[in-house]
Structures are given as C-alpha cells and as structure tokens.
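Structure record follows, encoded as structure tokens.
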Amino acid sequence: MQTLPRKEGSLLRNFAAVHELQTSWSRMRSTYTDGDEVFETEIGQYLPASVKSFFEKVYPLPSHAFLHPETTRERCREGKIDPALGHAICALATLHSGSDFQIRDRAAAWVQTVEQRIWQHLENPTIPRLQALLLVIRYQMETWKFQRAFMLTATAARFAAALRLNHERPDLDFVAQEVRRRIMWSLKVTERYFSVGLPEFEACPIETIYLQFPRVVFAAVDAAYVASSEQSCLLHATAIIQILTNLNQYSTSHLLLEFDAAICAYHATRLLLFISQSGRVPDCPSPEFAVSRAALCLAALKRFFPSSALAKPIIDDMERLTKGHAPQESGIGGISSPDFQEGSRKLDEQLPDAAKARQRLAIHSLLRQADFTDEDDGDGYSSSLSHAGLSPVLTR
Numbered sequence: 001m002q003t004l005p006r007k008e009g010s011l012l013r014n015f016a017a018v019h020e021l022q023t024s025w026s027r028m029r030s031t032y033t034d035g036d037e038v039f040e041t042e043i044g045q046y047l048p049a050s051v052k053s054f055f056e057k058v059y060p061l062p063s064h065a066f067l068h069p070e071t072t073r074e075r076c077r078e079g080k081i082d083p084a085l086g087h088a089i090c091a092l093a094t095l096h097s098g099s100d101f102q103i104r105d106r107a108a109a110w111v112q113t114v115e116q117r118i119w120q121h122l123e124n125p126t127i128p129r130l131q132a133l134l135l136v137i138r139y140q141m142e143t144w145k146f147q148r149a150f151m152l153t154a155t156a157a158r159f160a161a162a163l164r165l166n167h168e169r170p171d172l173d174f175v176a177q178e179v180r181r182r183i184m185w186s187l188k189v190t191e192r193y194f195s196v197g198l199p200e201f202e203a204c205p206i207e208t209i210y211l212q213f214p215r216v217v218f219a220a221v222d223a224a225y226v227a228s229s230e231q232s233c234l235l236h237a238t239a240i241i242q243i244l245t246n247l248n249q250y251s252t253s254h255l256l257l258e259f260d261a262a263i264c265a266y267h268a269t270r271l272l273l274f275i276s277q278s279g280r281v282p283d284c285p286s287p288e289f290a291v292s293r294a295a296l297c298l299a300a301l302k303r304f305f306p307s308s309a310l311a312k313p314i315i316d317d318m319e320r321l322t323k324g325h326a327p328q329e330s331g332i333g334g335i336s337s338p339d340f341q342e343g344s345r346k347l348d349e350q351l352p353d354a355a356k357a358r359q360r361l362a363i364h365s366l367l368r369q370a371d372f373t374d375e376d377d378g379d380g381y382s383s384s385l386s387h388a389g390l391s392p393v394l395t396r
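As numbered in the UniProt record's numbering, the sequence shown has no gaps in its residue numbers, which increase by one up to the final residue, 396.
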C-alpha cells in the first residue's frame with residue numbers, strides 16, 4: 001500500500017475537518033431560514049397543540065390577550081411564525097397544561113431559546129419578538145424567577161418605545177392597531193406588578209402612553225353594569241367620608257389613626273368629586289355637595305394627622321381639590337396629581353417618612369419577593385429587600 005507524503009496527508013486531514021464543519025454548519029442553518037420565517041423542526045411537532053391550548057386556556061386572561069388568534073393560527077399552519085414567538089407559546093402553554101415533568105423541562109429550554117434569539121436581534125425589535133418576550137416574562141414570573149422577569153420587563157419597555165407602541169397608528173388596519181394597543185397595555189399591567197407605588201421602578205409611565213384602551217374592554221362592558229358599579233362606588237365613598245366625619249365630630253380628644261385611614265379618605269374624596277361631575281347614577285350628588293363633603297373630610301384629616309409627614313402630601317392635594325379643581329387623572333397604584341408629584345420629589349430629599357408613604361402603597365409589589373440586594377456582593381453591607389421590606393432608596 002502506497003503511503004501518502006506527510007504534507008499531502010495533512011492537507012487531506014484538514015480538508016476532511018473543514019468538510020465536517022461545513023456539514024455541521026449546514027445542519028444548524030437548516031433549523032431556521034434567513035428571515036426567521038420557518039420555526040425549528042423540533043418545535044414543530046408541539047406547536048399546533050400548544051397554539052390550540054394557549055388560545056383555550058391562557059389567551060382569555062387580559063394580560064395575555066395580545067396575540068391575534070386567526071393570524072397566529074394561520075402563520076402556524078404555514079410555518080411562518082416567528083421562531084421566538086413559537087417557542088414562547090409552546091413554553092407558556094406547556095406550563096399551564098399540567099404536562100409531565102419531562103415536557104416542563106423542555107419548556108424551560110424553549111424559554112432559554114427565546115431569550116437567546118432576542119439577544120441575538122437586540123438591536124432589531126419587532127412585534128413578534130416583543131410578544132415572545134412578554135410571554136417569557138410571564139413564564140419567569142409564574143416560575144418564581146422574579147429578578148429575571150423584572151430585568152426583562154425593562155428590555156420589553158425599550159422594545160415598545162423603539163417601536164413607538166405608546167402612540168396610535170391610524171394609518172394601520174384595525175387588527176394591527178389593536179395588537180399594538182394590547183401589547184402596550186399588557187406590558188403596563190406586567191410592569192405594574194413590580195412598580196406599583198414605586199415611581200423609580202417604572203419603565204412605562206402611564207403619562208407617556210397615548211393610547212385608547214383595547215376596544216373589546218369597552219364593547220364587553222354592559223351599560224347597566226357600569227351604572228351599578230358607579231352606584232356602589234358612590235355608596236362606599238360616601239360611607240367612608242361619613243365615618244371619618246362622625247369620628248371627628250364625636251371624639252372629644254385627639255386620636256391616633258392608621259395611615260390607611262388617610263389613604264381611604266383621599267380616594268373616597270376623589271371618587272365623590274369625580275362622580276359628582278361626570279356621574280350617570282340617579283340622584284347623583286351635586287359638585288357643591290361633593291366639595292362640602294371633601295371639606296369635612298379634609299378637616300378630619302388635619303385634626304387626626306396634624307404633623308404627619310406621611311399624610312402631608314394627601315392633605316395638600318385634598319386642599320387643592322376642595323378649592324374647586326377637577327380631580328386629576330390618577331396614575332396606576334397611587335396618588336399622582338401634579339402637585340403631589342412635585343411635592344413628593346421634594347419630600348424624597350427632605351422627609352424619609354414620605355418615601356415610606358409611597359412604599360406603603362406598594363405592599364403587594366413582587367419586588368418584595370424578588371429578594372434584590374442594595375449593594376454589590378461581598379461588601380458585607382447588603383440587605384435583602386424581601387426581609388427588610390424597603391426599597392434601595394430607603395435603605396441607604
């Protein structure tokens with residue numbers, strides 16, 4: 001047998017290695033098309049059932065209703081669904097389907113695939129990738145990975161801002177407009193779980209969202225139900241104000257009240273003032289009556305919270321309301337009139353207790369369970385947020 005020269009043998013071995021790499025690369029490229037139009041072969045066998053399960057079980061939740069059913073099913077049948085979105089649908093549908101542990105482990109791998117594809121195309125956000133990211137965030141929240149969900153929410157907010165989803169697009173067709181609206185409101189709902197009452201954690205301030213609510217929300221609400229709800233709100237608001245007024249009238253000495261009493265009084269006053277000006281219920285109170293009730297409530301708060309830094313922003317805003325100003329649009333999760341916002345910024349620097357007031361409004365924030373620390377690891381001074389119950393601003 002003739003032996004090849006050493007140099008030629010080396011070249012052949014190199015050629016074989018290159019050929020093997022090219023073959024492997026071809027197999028990897030066959031998984032996806034260049035335009036991300038064909039989903040991975042491995043996911044294809046699960047996708048039809050997952051899409052069906054998703055729209056039956058998960059889609060009815062308002063925070064998940066940002067995929068258009070017909071369009072999604074059609075793209076799935078044609079194999080043109082975005083790979084990241086396909087993986088995300090499979091993962092979330094699997095999570096809520098009660099599948100066995102083997103399939104649930106596969107769902108975790110699908111979520112990792114979605115995140116990898118999003119990072120690969122970070123500078124090119126698209127609607128499908130943002131939808132996939134929102135589903136991944138929900139998956140991480142449902143699996144107790146609050147830290148990761150919190151960070152991914154900020155990325156989703158950047159995607160939405162880059163795509164200008166906070167603005168209406170009347171030039172688009174109805175479906176496209178509605179999908180954009182629902183994505184933005186779903187993102188706000190998700191972000192609210194972390195940032196409610198904590199302005200420094202907001203990634204999508206409500207003041208920057210210039211959108212209509214999803215039309216299905218208005219279309220599905222019966223007018224009689226709206227009137228009944230308004231009547232119920234009016235009764236509760238009036239009762240709260242009356243209780244506080246009676247307490248002020250019949251108490252002969254100064255009483256200590258929980259800060260919750262001031263919060264209830266404030267929102268009851270706002271409700272009464274709002275309903276008196278725009279209400280539809282029978283025997284709707286007049287604006288003059290509402291202002292008089294607000295004045296009584298304000299007098300009670302001034303008596304029971306004469307020097308409270310916690311109640312001061314509330315009292316200041318109620319004084320503005322009783323002078324005839326219309327109630328301002330309330331931000332999600334707390335007191336957000338312009339006067340209060342400006343005052344709270346100043347009180348942040350001067351009155352630590354006022355910051356605690358905003359923290360008090362965020363008692364159910366998931367950040368309490370996320371267990372973030374306020375310093376770098378290893379410095380010996382880190383403190384757990386879930387144990388301390390405080391934000392980084394308050395622990396320094």
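Ideal placement from N, C-alpha and C gives every residue a C-beta, glycine not left out.
Since the structure is predicted, the reported quantities are computational estimates derived from the model, not experimental observations.
Closest in alpha carbon position to Ile209, among Ile241, Ser307, Glu230, Asn166, is Asn166. Separation of the CB atoms of Cys297 and Leu271 is rounded to 12 Å, and the pair is thereby denied contact status at 8 Å.
Here DSSP, grouped into helix, strand and coil, assigns Tyr210 to strand. Buried is the label assigned to Gln131, since at least 16 other Cβ atoms lie within 10 Å of its Cβ.
Of the candidates Asp173, Ile89, Gly279, Ile89 places its Cα closest to the Cα of Lys57. Shortest Cα-Cα distance from Ala160 to any of His236, Arg129, Asp173 involves Arg129.
Inter-segment contact for the region 197 to 207 and the region 249 to 257 is absent: fewer than three beta-carbon pairs are separated by less than 8 Å.
In this structure Glu191 touches Ala157 by the C-beta definition: roughly 7 Å separates them, less than 8 Å. Fewer than three beta-carbon pairs drawn from the region 136 to 147 and the region 67 to 79 are found closer than 8 Å, and the two stretches are therefore not classed as touching. One Cα belongs to Gln120, the other to Ala84, and the distance between them is close to 11 Å. Looking at the DSSP output, His167 bridges to Tyr210. Thr94 places its beta carbon 8 Å or farther from that of Ala109. Nearest neighbour of Ala300 by Cα position, chosen from Leu321, Leu310, Cys284, Leu257, turns out to be Leu257. Following the DSSP letters along the chain, one finds Ile243 inside the alpha helix (DSSP H) bounded by residues 223 to 250. Within the same chain, Arg280, Val281 come within 8 Å of Ala227 by CB-CB distance, once the 5 residues on both sides are set aside. Taking the CA atoms as reference points, Asp171 sits about 18 Å from Met184.
Separation of Phe146 and His87 (C-alpha to C-alpha, rounded to the nearest whole angstrom) is 21 Å. Counting the other CB atoms within 10 Å of its CB gives Met318 a total of 16 or more, which places it among the buried residues.
Taken through DSSP and simplified to helix, strand or coil, Trp119 comes out as helix.
Across the set Leu247, Ala265, Leu235, the C-alpha of Leu235 shows the shortest separation from the C-alpha of Cys284.
Distance between Leu61 and Phe304, taken at the CA atoms: about 42 Å.
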